[in-house]
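Chemist: Dropping a structure here in structure tokens format, bear with me for questions.
There are 2 protein chains.
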Amino acid sequence: MPSVKKQKHSGYKVTVLDYSILGLLAGNSFTGYQIRMIFEKTAMGSFSGSPGTIYPALARLEKQGLIGKKDVAGKNTELFVITRTGMSALRTWILTSPTRDEITKGLDALSLKIAFLDLADDGKKRSRFLIALSEALQQYISELEAYYKSAAANMPKGGRLAYEHGIESYKLTLKWVRKVQAAYPTKP
Amino acid sequence: MPSVKKQKHSGYKVTVLDYSILGLLAGNSFTGYQIRMIFEKTAMGSFSGSPGTIYPALARLEKQGLIGKKDVAGKNTELFVITRTGMSALRTWILTSPTRDEITKGLDALSLKIAFLDLADDGKKRSRFLIALSEALQQYISELEAYYKSAAANMPKGGRLAYEHGIESYKLTLKWVRKVQAAYPTKP
DNA sequence: CCAACCATGTAAGCTGTTACATGATTGA
DNA sequence: TCAATCATGTAACAGCTTACATGGTTGG
Numbered sequence: 085m086p087s088v089k090k091q092k093h094s095g096y097k098v099t100v101l102d103y104s105i106l107g108l109l110a111g112n113s114f115t116g117y118q119i120r121m122i123f124e125k126t127a128m129g130s131f132s133g134s135p136g137t138i139y140p141a142l143a144r145l146e147k148q149g150l151i152g153k154k155d156v157a158g159k160n161t162e163l164f165v166i167t168r169t170g171m172s173a174l175r176t177w178i179l180t181s182p183t184r185d186e187i188t189k190g191l192d193a194l195s196l197k198i199a200f201l202d203l204a205d206d207g208k209k210r211s212r213f214l215i216a217l218s219e220a221l222q223q224y225i226s227e228l229e230a231y232y233k234s235a236a237a238n239m240p241k242g243g244r245l246a247y248e249h250g251i252e253s254y255k256l257t258l259k260w261v262r263k264v265q266a267a268y269p270t271k272p
Numbered sequence: 085m086p087s088v089k090k091q092k093h094s095g096y097k098v099t100v101l102d103y104s105i106l107g108l109l110a111g112n113s114f115t116g117y118q119i120r121m122i123f124e125k126t127a128m129g130s131f132s133g134s135p136g137t138i139y140p141a142l143a144r145l146e147k148q149g150l151i152g153k154k155d156v157a158g159k160n161t162e163l164f165v166i167t168r169t170g171m172s173a174l175r176t177w178i179l180t181s182p183t184r185d186e187i188t189k190g191l192d193a194l195s196l197k198i199a200f201l202d203l204a205d206d207g208k209k210r211s212r213f214l215i216a217l218s219e220a221l222q223q224y225i226s227e228l229e230a231y232y233k234s235a236a237a238n239m240p241k242g243g244r245l246a247y248e249h250g251i252e253s254y255k256l257t258l259k260w261v262r263k264v265q266a267a268y269p270t271k272p
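The listed protein sequences derive, respectively, from chains Z and Y. Every number in my numbering is 84 more than the matching position in the first sequence, counting from 1. Every number in my numbering is 84 more than the matching position in the second sequence, counting from 1.
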């Protein structure tokens, strides 16, 4: 097992929710309320969109300099805008090789990265990321299958069915990643 | 939208992690350490298996009377065993109609319910649960498709691909639930 | 005998959630 | 004018994670 980076509280950690917000702001400027409504009405990343979720996240992002506020003439509301730092942090995150956790604990983070993939315009890094992703998926599927083979006999019927479905889901995701690869070819 | 039960802290809430542990103990008795290892080595429900996760959960469950401790002769370890109350709480949970959250925010809880489905031996309730589940999935898929139709035009390519994959995943799950239904027929 | 594993726990921290507030603006 | 919606926040809380501790047991 490779050593995992362990750090207690090195200042700040940008969460998946934070990156979701950054990704939204990468395409447009929004008020906090508008962002809330997007999360509430469209099941974005499965976060709640309640004020207690969104506003603290916005405050976190602003403190880190990843987003800023902009007054809008006439209106007395403020728009949140992504900063250059924020944009580059987002791009870096999108193209960072998937972690073990991103593969094993739900694929939300990965879906999000791909949803925002157009923001990362470096074709080379992009295809490197996609290759790493499909390899990681393949490997994990092998692990799941190996375990299933060894343990299925002692599982109840429901357990087997659930496990099989887990494997099938990952296979579907792998097929999808290959489709994404085809949709973002490296320029020759 | 139907009203959602809102309660702040009515004593205790049994979490998905708690039910995972209950489900394990429904089939066997384990020491805390053994349970930890199961979570660590088999990605059960994607929880961590570290002591800080498992032991507090075991303490919670014991305080609620859902599990108990049993000395084992000779050895100086203690085994955790599920109580009658715990067993019935688990059965009730397994057969409770899926909530909106269980459908929208990851399908982990639902997979778990099906993994433990054999413990709920009431065939009638079981098929009622599975019917409710497939209907809820169908409905959610329709919602996703309707939204996609209206919003796809304004999405970047990656966004479309990610959203499509979300829908496909739910469709796969629905197909799976139908398979489960076939595997647990109501006795005529 | 010493390392590896078995075994159990606690402390601190962060994130996200719910619920509670408060006010401005708009439209019917 | 009065309700709905826009808009922003805070307080309390639960649950999971990481990291820190501490010992007993077993095998090479």
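Backbone N, C-alpha and C define an ideal beta-carbon position, used for all residues, glycine too.
For a contact defined as C-beta to C-beta under 8 Å, what are the partners of Y/T188 on chain Z?
Modeler: Position 104 of the second sequence, counted from the first residue, corresponds to residue 188 of chain Y. Correct list: A127 and S130.
Chemist: For Z/K147, count neighbouring C-beta atoms within 10 Å of its own C-beta (all shown protein chains included) and say buried if the count is 16 or more, exposed if not.
Modeler: Taking the first sequence and counting its residues from 1, the one referred to as residue 147 of chain Z is at position 63. Exposed, because fewer than 16 other Cβ atoms sit within 10 Å of the Cβ of Z/K147.
Chemist: Please confirm whether Z/A199 has its beta-carbon closer than 7 Å to some beta-carbon of chain Y.
Modeler: Within the first sequence, residue 199 of chain Z is the residue found at index 115, counting from 1. Chain Y, which has a Cβ nearer than 7 Å to the Cβ of Z/A199, makes this yes.
Chemist: With the cut-off set at 7 Å, would you say Z/I83 and Z/F200 are in Cβ contact?
Modeler: Any property of residue 83 of chain Z remains undetermined from this structure, which presents chain Z solely from 85 to 272.
Chemist: Whole angstroms are fine: how far does the CA of Y/Q223 sit from the CA of Z/D277?
Modeler: Any answer about residue 277 of chain Z is impossible in this case: the structure gives chain Z only from 85 up to 272.
Chemist: State the beta-bridge partners of Y/L163 as determined by DSSP.
Modeler: Translated into positions along the second sequence, residue 163 of chain Y becomes position 79. Its beta-bridge partners are Y/K154.
Chemist: With a cut-off of 8 Å on the beta carbons, I'd call Z/K189 and Y/S130 a contact; round off their distance for me.
Modeler: Here residue 189 of chain Z refers to the residue found at position 105 when the first sequence is read from its first residue. Here residue 130 of chain Y refers to the residue found at position 46 when the second sequence is read from its first residue. The Cβ separation is near 4 Å, so the contact holds.
Chemist: Could you give the distance in angstroms between the alpha-carbon of Z/D155 and the alpha-carbon of Z/L142?
Modeler: In the first sequence, the residue the question calls residue 155 of chain Z occupies position 71. In the first sequence, the residue the question calls residue 142 of chain Z occupies position 58. Those two C-alpha atoms are separated by around 16 Å.
Chemist: Using a Cβ cut-off of 7 Å (strictly closer), state whether Z/P240 contacts chain Y.
Modeler: Position 156 of the first sequence, counted from the start, is the residue given in the question as residue 240 of chain Z. It does: the Cβ of Z/P240 has a partner Cβ on chain Y nearer than 7 Å.
Chemist: Give me, in chain order, the residues of the same chain whose beta-carbon lies closer than 7 Å to that of Z/R210; leave out the 5 immediate sequence neighbours on both sides.
Modeler: Along the first sequence, read from residue 1 onward, the residue named residue 210 of chain Z stands at position 126. Closer than 7 Å at the Cβ level, and outside the excluded window around Z/R210, lie L179, L201, A204 and Y268.
Chemist: Mind listing which residues of the region 101-128 of chain Z have their C-beta closer than 8 Å to chain Y's C-betas, in chain order?
Modeler: Correct list: G111, T126 and A127.
Chemist: Starting from the C-beta of Y/P182, find all residues in its chain whose C-beta is less than 7 Å away, skip the five residues before and the five after it, and write them out in chain order.
Modeler: The residue given as residue 182 of chain Y occupies position 98 in the second sequence. Only L194, A216, L217 and A220 meet the Cβ criterion.
Chemist: Could you give the first and the last residue of the continuous alpha helix (DSSP H) run that contains Z/S253?
Modeler: As a working note, residue 253 of chain Z is residue 169 in the first sequence. Element bounds for Z/S253: K241 to A267.
Chemist: Could you tell me whether the Cβ atoms of Z/M128 and Z/S104 are closer together than 7 Å?
Modeler: Residue numbering aside, residue 128 of chain Z sits at position 44 when the first sequence is read from its first letter. Residue numbering aside, residue 104 of chain Z sits at position 20 when the first sequence is read from its first letter. Going by C-beta atoms, Z/M128 is nearer than 7 Å to Z/S104.
Chemist: Taking only the alpha-carbon atoms, compute the straight-line gap between Y/K255 and Y/K153 and give it to the nearest angstrom.
Modeler: Taking the second sequence and counting its residues from 1, one reaches residue 255 of chain Y at position 171. Taking the second sequence and counting its residues from 1, one reaches residue 153 of chain Y at position 69. Answer to the nearest angstrom: the Cα atoms are 43 Å apart.
Chemist: Any C-beta of chain Z within less than 7 Å: which residues of the region 148-177 of chain Y qualify?
Modeler: Cβ contacts with chain Z: none found.
Chemist: Please confirm whether Y/I138 and Y/I151 have their CB atoms less than 7 Å apart.
Modeler: By one-based count along the second sequence, residue 138 of chain Y stands at place 54. By one-based count along the second sequence, residue 151 of chain Y stands at place 67. It is not a contact, given that the beta carbons lie outside the stated cut-off.
Chemist: Should Z/R168 go down as buried or exposed, given a rule of 16 or more other Cβ atoms within 10 Å for buried?
Modeler: Position 84 of the first sequence, counted from the first residue, corresponds to residue 168 of chain Z. It counts as exposed.
Chemist: Just by C-beta distance, which residues in the region 219-239 of chain Z are closer than 7 Å to chain Y?
Modeler: Result list: Y231.
Chemist: In this structure, does DSSP put Z/F114 in helix, strand or coil?
Modeler: Sequence index remark: in the first sequence, residue 114 of chain Z carries index 30 (1-based). Correct three-state label for Z/F114: strand.
Chemist: Tell me, to the nearest whole angstrom, how far the beta carbon of Z/G107 is from that of Z/L174; I am working on the premise that it is less than 8 Å.
Modeler: The count along the first sequence starts at 1 and reaches residue 107 of chain Z at position 23. The count along the first sequence starts at 1 and reaches residue 174 of chain Z at position 90. Correct: roughly 6 Å between the Cβ atoms.
Chemist: Would Y/L145 count as contacting chain Z if we go by Cβ distances under 7 Å?
Modeler: Position 61 of the second sequence holds residue 145 of chain Y. So, not an interface residue.
Chemist: Can you give the Cα-Cα distance for Z/T257 and Z/E229, rounded to whole angstroms?
Modeler: Locating residue 257 of chain Z in the first sequence gives position 173, counting from the first residue. Locating residue 229 of chain Z in the first sequence gives position 145, counting from the first residue. Approximately 15 Å between the Cα atoms of the pair.
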